[in-house]
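In order, the protein sequence lines correspond to chains A and B. Just so you know, we're using this note's numbering here: the first sequence kicks off at 203 and counts up by one. Just so you know, we're using this note's numbering here: the second sequence kicks off at 3 and counts up by one. For every residue, glycine included, the Cβ atom is placed at its ideal position computed from N, Cα and C. The structure displayed is predicted, hence computed values, not measured ones.
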Amino acid sequence: MPEPLKRKKKDGTQYERPPEIEAFLEKLEIVESSERLRQFETLSKTKPGYVPSEVLVYFLRRAGIEGAKTDFEKIFRILMKRVEQSLCSIIADSRIADARGIREEIMGRFVERIAKDYKGSSSYLDFFEIRFDKAFAAFRISALRQIGPSNVETIPLGTDEDHGLEISAEIEAAAADFQSGNSSILDDPAFRFELTAAIDNLPDDQKRVIGLLLQGFQIDSKDKNIMTISRILKCDERTVRNRRDRAFKTLKTILQGENV
Amino acid sequence: MNENTMPSEEEVLLTFAVEPTHDRKTLERYLSEFPEHSIALVDCSIELMLDSTRSNNVVESTEDTVEHAWQRFQAIMSVDDDAPLINPFAKLNSTAFKSLAKRLDITNLLLVRLRDRAIEPMTIPIRFIQKLAAELELTGDAVLVFLNGSPSMISNHSFRSSVKPMVTNQITFQEAIETSQLTDSQKNSLKALED
Chain A
203 MPEPLKRKKK DGTQYERPPE IEAFLEKLEI VESSERLRQF ETLSKTKPGY VPSEVLVYFL
263 RRAGIEGAKT DFEKIFRILM KRVEQSLCSI IADSRIADAR GIREEIMGRF VERIAKDYKG
323 SSSYLDFFEI RFDKAFAAFR ISALRQIGPS NVETIPLGTD EDHGLEISAE IEAAAADFQS
383 GNSSILDDPA FRFELTAAID NLPDDQKRVI GLLLQGFQID SKDKNIMTIS RILKCDERTV
443 RNRRDRAFKT LKTILQGENV
Chain B
3 MNENTMPSEE EVLLTFAVEP THDRKTLERY LSEFPEHSIA LVDCSIELML DSTRSNNVVE
63 STEDTVEHAW QRFQAIMSVD DDAPLINPFA KLNSTAFKSL AKRLDITNLL LVRLRDRAIE
123 PMTIPIRFIQ KLAAELELTG DAVLVFLNGS PSMISNHSFR SSVKPMVTNQ ITFQEAIETS
183 QLTDSQKNSL KALED
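Here's what the structure looks like:
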């Protein structure tokens, strides 16, 4: 039986791994170590036989506890390869100045967390046994905020400082359709990928507005009990609309390109 | 999360990240509970949403990055936790850290590199060390001792690598100036301290 997680939730209950991760652990616990390591080597998630990173973290920690140094080093290296791969795709050299330095800094911080866990002074890595990719995304965001978001300047696809924008009715309609999630184009993976890349490249203030709209938040409301974008971002609703409009203008190329 | 202490931003984001769902209601709950981390939570929610639609292309990894990570791990493991360690940056929280960078007119990234002793101490201009020491309310010697303290030769042999243990890669102050996202004006000010 896999060791249960130690970390507790706010309500005092213990965190649990998702059932599919538990199933993986049970299956791999009875496999020879060398065979397990061979299975860990698959890097691409789309390849058959890929073992989730949550499972690697579990066996990394177990190797540490059991003093299996060779296994520990091998799993550590495989995990770091995956981490680097993930960072390279998001903090790409083509998009961010000194991307390599930033990636190394984030990786270094993650290594520190692993070392702390190894020394037995933390249950921190429990998060990474539950949902590795999501936990790592959160870790990355937190690290980038400390390095200084103002210093991590993305290179935009196209900038437009024009404030007096005229957003065509077509774009407004397409955006409204997009926000409501009704548009069939959202089912198209290629479109979604392009749209994600376009949103990714928006300046932070516009990206936050679009991100919150996509999550179903409204810009403003007279009802003080409703959490609106204006209240979350602590800015005037006209500022929010302005940021939204500027974002739409940037995104319109892709929306129009798909003949929405 | 420990109920007796205020969770850090990182801890809040991680707790949010491992929630089974990340819909509007989940985000609203966290925004209400942790208003001090609202922007970080918004950024995290957007990142999680975009992450699910990003491509999963395998990017060619470089062995030296993985090797560097392993060496860093070994270096951390070699530190004796019981030995008294005076880290002048330890007392700084995130805000104080950023504020220090601002006062020194450098980027947070450069300050992070100094904190992590990722810069060869011998290449750091003494005038800059004095400036840093003054801001940290320490003597120049105390800061120099800290900057010289690590990264060090890996002395703990409990983790044997297939490669010879070596000093963790450090860069020169000059290299750090060029790769720490400084403005031209900041670069020139720092270069002037070298004279």
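- Give every residue of the same chain whose Cβ lies closer than 6 angstroms to the Cβ of D364(A), excluding the five residues on either side of it in the sequence, and list them in chain order. The residue given as residue 364(A) occupies position 162 in the first sequence. In this predicted model, D364(A) has a pLDDT of only 38, less than 50, meaning its place in the structure is not dependable enough to derive any value.
- Task: Classify K93(B) as helix, strand or coil using the three-state DSSP reduction.
- Result: As a first step, residue 93(B) must be located in the second sequence, where it is residue number 91. DSSP places K93(B) in coil when its eight states are reduced to three.
- Message: In whole angstroms, give me the CA-to-CA distance for D213(A) and S325(A).
- Response: Numbered from 1 along the first sequence, position 11 holds the residue referred to as residue 213(A). Numbered from 1 along the first sequence, position 123 holds the residue referred to as residue 325(A). So the alpha carbons of these two residues sit roughly 17 angstroms apart.
- Interfacial residues, the segment 392-415 of chain A to chain B, with Cβ spacing under 9 angstroms: Flagged, chain order: R394, F395, L397, T398, A399, I401, D402, D406, K409, R410, I412, G413 and L414.
- Other residues of its chain near V253(A): CB distance less than 6 angstroms, five sequence neighbours each side excluded: Position 51 of the first sequence, counted from the start, is the residue given in the question as residue 253(A). Within the same chain, V253(A) has close Cβ partners Q241 and F242.
- Would A270(A) pass as a contact of R263(A) if the rule is Cβ separation under 9 angstroms? In the first sequence, residue 270(A) corresponds to position 68, counting from 1. In the first sequence, residue 263(A) corresponds to position 61, counting from 1. No, these two residues do not count as a Cβ contact at 9 angstroms.
- Using a cut-off of 8 angstroms between C-beta atoms, extract the partners of I151(A) located in chain B. With chain A covering 203 to 462 only, the question about residue 151(A) has no answer from this structure.
- Item | Complete alpha helix (DSSP H) runs within the segment 280-358 of chain A (minimum length 4 residues, chain order) | 301-320, 328-332 and 334-349
- Item | Nearest to A317(A) (by Cα), restricted to the options N150(B), T125(B), I78(B) and E122(B) | For this step, residue 317(A) is matched to residue 115 along the first sequence. Scanning N150(B), T125(B), I78(B) and E122(B) for the CA closest to the CA of A317(A) turns up I78(B).
- Item | Neighbourhood of F130(B) by C-beta distance below 6 angstroms, restricted to the same chain and skipping five residues each side | Within the second sequence, numbered from 1, the residue matching residue 130(B) stands at position 128. Here the set comprises L195.
- DSSP three-state assignment for K424(A), whether helix, strand or coil: Counted from its first residue, the first sequence places residue 424(A) at position 222. Correct three-state label for K424(A): coil.
- Query: Looking only at its own chain, which residues have a Cβ that is under 6 angstroms from the Cβ of F36(B), when we skip the five neighbours before and after it?
  - Reply: Position 34 of the second sequence, counted from the first residue, corresponds to residue 36(B). Around F36(B), the same chain offers V14 as residues with beta carbons nearer than 6 angstroms, after the five sequence neighbours per side are excluded.
- Since D53(B) meets chain A, which of its residues come closer than 7 angstroms, beta carbon to beta carbon? The sequence position of residue 53(B) within the second sequence is 51, counting from 1. By Cβ distance, chain A contributes D335 and A339.
- Message: I'd like to know whether the C-beta atoms of T109(B) and Q188(B) end up nearer to each other than 9 angstroms.
- Response: Working through the second sequence from its first residue, we reach residue 109(B) at position 107. Working through the second sequence from its first residue, we reach residue 188(B) at position 186. Yes, Cβ-Cβ distance for T109(B) and Q188(B) is below 9 angstroms.
- Interface residues of chain A facing M79(B) [CB-CB closer than 9 angstroms]: The count along the second sequence starts at 1 and reaches residue 79(B) at position 77. Under the 9 angstroms cutoff, chain A gives A317, Y320 and K321.
- Message: 9 angstroms is my cut-off, CB to CB: does K208(A) come that close to chain B?
- Response: Here residue 208(A) refers to the residue found at position 6 of the first sequence. K208(A) does not count as touching chain B.
- Message: Give the list of continuous alpha helix (DSSP H) stretches no shorter than 4 residues that lie fully inside the segment 21-76 of chain B.
- Response: You should have 26-35 and 40-53.
- Opposite K210(A) in the DSSP bridges: which residues? Here residue 210(A) refers to the residue found at position 8 when the first sequence is read from its first residue. In the DSSP assignment, the residues bridged to K210(A) are Q216(A).
- Task: Please state whether DSSP places I232(A) in a helix, a strand or coil.
- Result: Against the first sequence, residue 232(A) aligns to sequence position 30. Residue state, collapsed to three classes: coil.
- Task: State yes or no: is the beta carbon of S182(B) nearer than 9 angstroms to at least one beta carbon in chain A?
- Result: As a working note, residue 182(B) is residue 180 in the second sequence. Taking 9 angstroms as the CB threshold, S182(B) lines the interface with chain A.
- Task: Look up R162(B) in the DSSP assignment and say whether it is helix, strand or coil.
- Result: Position 160 of the second sequence, counted from the first residue, corresponds to residue 162(B). Reliability of the predicted coordinates at R162(B) is poor, the pLDDT of 45 falling under 50, and the value obtained from them is presented with this limitation in mind. Correct three-state label for R162(B): coil.
- Which runs of the alpha helix (DSSP H) fall wholly inside the segment 249-280 of chain A and span at least 4 residues, in chain order? 255-268
- Kindly confirm or deny that the segment 397-412 of chain A and the segment 448-457 of chain A touch, where touching means at least three C-beta pairs closer than 8 angstroms. yes
- Along the segment 88-104 of chain B, what residues have a CB closer than 9 angstroms to any CB found in chain A? S96, F99, K100 and A103
- Beta-carbon of S157(B) versus every beta-carbon of chain A: anything under 9 angstroms? Walking along the second sequence from the start, residue 157(B) turns up at place 155. Any reading at S157(B) must be qualified, since the residue scores a pLDDT of 34, below 50, and its modelled position is unreliable; the value itself is stated next. For S157(B), the answer is no, since every Cβ of chain A falls outside 9 angstroms of its Cβ.
- Under 7 angstroms by beta carbon: chain A residues contacting L50(B): Position 48 of the second sequence, counted from the start, is the residue given in the question as residue 50(B). K336 and A339, listed in chain order.
- Buried or exposed: A103(B), going by 16 or more other Cβ atoms within 10 Å of its Cβ? Residue 103(B) sits at position 101 when you count from the first residue of the second sequence. Result: buried.
- Message: Alpha carbons only, please: which of G418(A), R297(A) and A301(A) is nearest the one belonging to T181(B)?
- Response: The residue labelled residue 181(B) in the question sits at position 179 within the second sequence. Closest by alpha carbon: A301(A).
- Does any residue of chain B bring its CB to less than 9 angstroms from the CB of S236(A)? As a first step, residue 236(A) must be located in the first sequence, where it is residue number 34. So, not an interface residue.
- Does T361(A) come within less than 9 angstroms of chain B when only Cβ atoms are used? Along the first sequence, read from residue 1 onward, the residue named residue 361(A) stands at position 159. Residue confidence is low: T361(A) scores 34 on pLDDT, short of 50, so the model does not pin down where it sits. Its coordinate-derived value is still stated next. Output row for T361(A): interface = no.
- Message: Against V313(A), what residues of chain B qualify as contacts under a CB-to-CB distance less than 8 angstroms, listed in chain order?
- Response: For the purposes of this step, residue 313(A) is identified with residue 111 of the first sequence, where counting begins at 1. Residues of chain B passing the Cβ test: A71, R74, F75 and I78.
- Message: Can you confirm whether the segment 66-74 of chain B touches the segment 290-309 of chain A when touching is taken to mean that 3 or more C-beta pairs between the two stretches lie within less than 8 angstroms?
- Response: Short answer: they touch.
- How would you list, in chain order, the residues of chain A whose beta-carbon sits under 7 angstroms from the beta-carbon of E30(B)? On the second sequence, position 28 is the one that residue 30(B) refers to. What E30(B) touches in chain A, judged by beta-carbon distance under 7 angstroms, is M429, going in chain order.
- Message: Any contact between the segment 412-426 of chain A and the segment 15-35 of chain B? By contact I mean 3 or more CB pairs, one from each, below 8 angstroms.
- Response: yes
- Would I277(A) count as contacting chain B if we go by Cβ distances under 9 angstroms? Counting from 1 along the first sequence, the entry for residue 277(A) is found at position 75. With 9 angstroms as the cut-off, I277(A) does not count as an interface residue toward chain B.
- Task: Closer than 8 angstroms by beta-carbon distance: list the chain A residues that pair up with R26(B), in chain order.
- Result: For the purposes of this step, residue 26(B) is identified with residue 24 of the second sequence, where counting begins at 1. The answer, in chain order, is Q417, G418 and F419.
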